[in-house]
Amino acid sequence: MAVLGTSPRDIPRRRARSQRGTAWLLIAPALTLMVLILLVPILSALVLSFTDYSLAAPEVKWVGFDNYEKIFTRSSYEKMLWATFTYVVVVVPISVGLGLGAALLINSLARGKEIYKTIYFLPVMATLLAMAIVWELMLHPTIGTVNRTLQMGCGTVIERLWPWLGDGCANGMPLWLGDKDYALWVICFLGIWQGFGFNMVLYLAGLTGVPRDLYNAAEMDGARSGWERFRLVTWPALGPTTVFVVTITCIRAFQVFDTVEALFPQGGGPSKSAYMMMYAIYEKGIKQNLIGIGSAITMLFLIFVMIITIIQRRLTERKVHYS
Amino acid sequence: MKRISEFFKHALLLVGALIVIVPFYQMVSYSLKSPAEIERGIGGFMGAQELMVDERCVGSSMPDRADVEAARGDYPNLTDTDILGALVEKLRASCMVRPAVFNYTSAFKEAPLMRYLLNGMIVTGSIFLLQVIVALPAAYALSKLKFWGRETVFGLVLFCLLIPVHAIALPLYIGLAKLGLINTYAALVVPWTISVFGIFLMRQFFMTVPDELIDAARMDGMGELSIVWRVMLPTAVPALLAFAIFSVVAHWNDYFWPRMVITGDRSLFTPPLGLREFKADIDGSLYGPMMATATVIVTPLIVAFLLAQRRFIEGITLSGMK
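Residue numbers (UniProt numbering), protein chains in the order written: chain A, 1 to 323; chain B, 1 to 322.
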């Protein structure tokens, strides 16, 4: 705080006292909302997860860990956990990798940077639900562009070189969304398609922060190939960016909902192969009014997200100063 | 050597760009074509735009007994059935439209799309406004005022950053249901009024504002609240813009939360909900109007992005990097 040269001693003190009051006044709305909208719900989810509460039910029974036990023993929840983790494990590395790859390639271009940036960022801006519906049409088994395009390869040499296509030509192209072997992968693909442009932008920002002279220094030390320069300079310099990108991609991946609900309105896809946590919370808690189990899934979800974020905090603690 | 590697980079990036852009191309293309062209995958980007009969137009003004009686004079030698046939023929001829026109007009007529867009603007607008009104004073206090408990409050903000609001949707839903707010605008807006991310972002930004500026304002006799709105707000425009981008994009595109709290009342639907409803309503042959709807919903943000690209990307970067 700047000291005002000629002012008497007690002015700052009086001001400090009045500042305290004003400060709490300024913070009060935010603090109240934070408690009511964020903290109270977490606590109530925790409490509700031990009950069989449902809206408009006459009584509530305490069921202990029953809800949690169900999640870890029943096959539909096992499928939920499996689908969610598969999604996270597939989508996070690929969309981070593609984001980084695209950023590096674009950054090294002599011309045309802007156009690629623009294109890759389009899906991030677009309403995911609308794009999911477009993809649904494109993946339509008979009139969709995807299968039509694949069919053009039938009867050509590609069919012989690519057994999967040959099989499709002989026995019909995949149903994509109707087939439990493909449904989850389609959802994963859409997640990657939609999100990697965001990572690209963050990486491009990270790249501008890599000191130029480090490259010269590395070159002097004998790092001649592009790969060596990447390994010795770029990658370490991008460390904090990577930690951040991985974290938010993880959290977003856990929250996948739009595509699942849009493409599988009956819920979770063919034989629940794409039954994601967020969808399960919605289905159990809202559609079926089973709030107890919905809350238990909520708690599990929160625990996953918090673990990821705390790991991130630990990893970046040395780099970031909040005050 | 250099040119070869540049060539390969472009080739690689072009393949990626193609995959990214094909759905957008398809969406716009389908929104222009006739059902037959979509069904058979013909017609290029625009379709032939040959006139087609708008069946809904025909169905809505089908000639009845009275019309036949009235038209008897025009067709002296025909039986009633033939007159009816002739009238239907005439009606069909008057109901011819170009596919592109058909798709877009059905998008607006079939579903109250204007209403959805208006709702989208109301909801995203009020969310952003309330977030700023709540976050800005808090961020100012946390960055520029000294008071007992400041560290605790800031710690709480950091903790709340861990909580994705979507994750606690269920208890929020119950709370709103208990208050009788399900199916109201309030349900769409209230849970988003607090943005800890906004507080955090603004605080980080205010930390860089020199104290002298605030002291000068105090010397001029300004109160703390007017300092927030008349001194801090103008300096915070770049950060606010970044935050606005985040907030508006997220809430315009949000589907999960509206799906939870708007159950059935179509007049409250936000654009994604409207699109979802439209999809459930129609049978498979009306892909054209559905794609027109999708185009209309996706366009505002895309256009904004294309117009202010640099700002957008800077904004995402500024607010994305903690």
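Each residue gets a CB set at the ideal place from its N, CA and C atoms; glycine is no exception.
Helix, strand or coil at residue i [DSSP, three-state]
i	result
T235 of chain B	helix
W62 of chain A	strand
A2 of chain A	Note that A2 of chain A has pLDDT 45, beneath the 50 cutoff, so the model's placement of it is unreliable and the number below is only indicative. Of the three classes helix, strand and coil, the one that applies to A2 of chain A here is coil, per DSSP.
V298 of chain B	helix
M96 of chain B	strand
V53 of chain B	strand
K180 of chain A	coil
S49 of chain A	coil
Q266 of chain A	coil
R313 of chain A	helix
F243 of chain B	helix
I262 of chain B	coil
V256 of chain A	coil
R231 of chain A	helix
V157 of chain B	helix
N67 of chain A	helix
C169 of chain A	helix
H140 of chain A	coil
Q204 of chain B	helix
C250 of chain A	helix
V209 of chain B	coil
M46 of chain B	coil
A274 of chain A	coil
C154 of chain A	coil
Y279 of chain A	helix
M131 of chain A	helix
Chain-ordered chain A contacts of residue i [CB-CB under 8 Å]
i	result
C160 of chain B	M34, L38 and L39
I83 of chain B	What I83 of chain B touches in chain A: nothing, since even the nearest Cβ is about 40 Å away.
F205 of chain B	In chain order: nothing, as chain A lies at least about 13 Å away.
K109 of chain B	Result: empty, since nearest Cβ-Cβ is about 19 Å, beyond 8 Å.
H10 of chain B	L109 and G112
L275 of chain B	T127, L129, A130 and I133
Endpoints, alpha helix (DSSP H) assigned at residue i
i	result
S29 of chain B	K2 to L32
W229 of chain B	Looking at the DSSP string, W229 of chain B is not in any alpha helix (DSSP H), and its letter there is neither H nor E.
A56 of chain A	It is not in any alpha helix (DSSP H) - A56 of chain A carries neither H nor E in the DSSP assignment.
L118 of chain B	L113 to K144
S95 of chain A	S75 to N107
Y215 of chain A	R212 to M220
F121 of chain A	K113 to M125
Close Cβ partners of residue i (< 8 Å) along its chain, the five nearest in sequence each way excluded
i	result
D258 of chain A	L128, L129 and A132
L241 of chain B	R311 and G315
Residues that residue i contacts on chain B, provided the C-beta gap is smaller than 7 Å
i	result
W135 of chain A	P23
W176 of chain A	Those within 7 Å of W176 of chain A in chain B number zero; the least Cβ separation is about 14 Å.
L31 of chain A	V153
G294 of chain A	L170
S44 of chain A	P171
Same chain, Cβ closer than 6 Å to residue i, five either side skipped, listed in chain order
i	result
S267 of chain B	none
Y68 of chain A	A296
Y77 of chain A	I71
F45 of chain B	S29
L51 of chain B	M96
Supposed close pair residue i, residue j - CB separation, criterion 8 Å
i	j	result
S126 of chain B	V189 of chain B	5 Å
L179 of chain B	S295 of chain A	Their Cβ separation, rounded to whole angstroms, is 19 Å, which puts L179 of chain B and S295 of chain A out of contact at 8 Å.
V96 of chain A	N199 of chain A	6 Å
Y203 of chain A	L238 of chain A	7 Å
V260 of chain A	A167 of chain B	Not quite, the Cβ-Cβ distance comes to about 16 Å (not below 8 Å), so this is no contact.
7 Å CB neighbourhood of residue i in its chain, flanking five on each side removed
i	result
K33 of chain B	G43, G47, P99 and G288
L158 of chain B	none
A304 of chain B	none
L113 of chain B	A107, G274, T293 and V296
Y243 of chain A	According to the sequence shown, residue 243 of chain A is Val rather than Tyr. So the list reads Q312, L315 and T316, once near-sequence residues are dropped.
D54 of chain B	C95, V97 and F102
N119 of chain B	L268, F269 and T270
R259 of chain B	L273
Proximal residues of chain A, C-beta to C-beta of residue i below 7 Å
i	result
L156 of chain B	M34
residue 324 of chain B	Because residue 324 of chain B is not part of the residues shown, which for chain B are 1 to 322, the question remains open.
E224 of chain B	T22 and L26
A135 of chain B	A30
Under 8 Å by beta carbon: chain B residues contacting residue i
i	result
I106 of chain A	L13
Q151 of chain A	Correct list: empty, because the minimum Cβ distance to chain B is about 10 Å.
I187 of chain A	Correct list: empty, because the minimum Cβ distance to chain B is about 15 Å.
Neighbour list for residue i in chain A, Cβ cutoff strictly below 9 Å
i	result
V231 of chain B	The contacting residues do not exist; V231 of chain B stays about 14 Å from chain A at best.
Beta-carbon neighbours of residue i, restricted to chain B and to distances below 9 Å
i	result
A103 of chain A	Per Cβ cutoff of 9 Å: no residues; A103 of chain A is ~11 Å from chain B at best.
L128 of chain A	N253, Y255 and P272
Y68 of chain A	In chain order: nothing, as chain B lies at least about 15 Å away.
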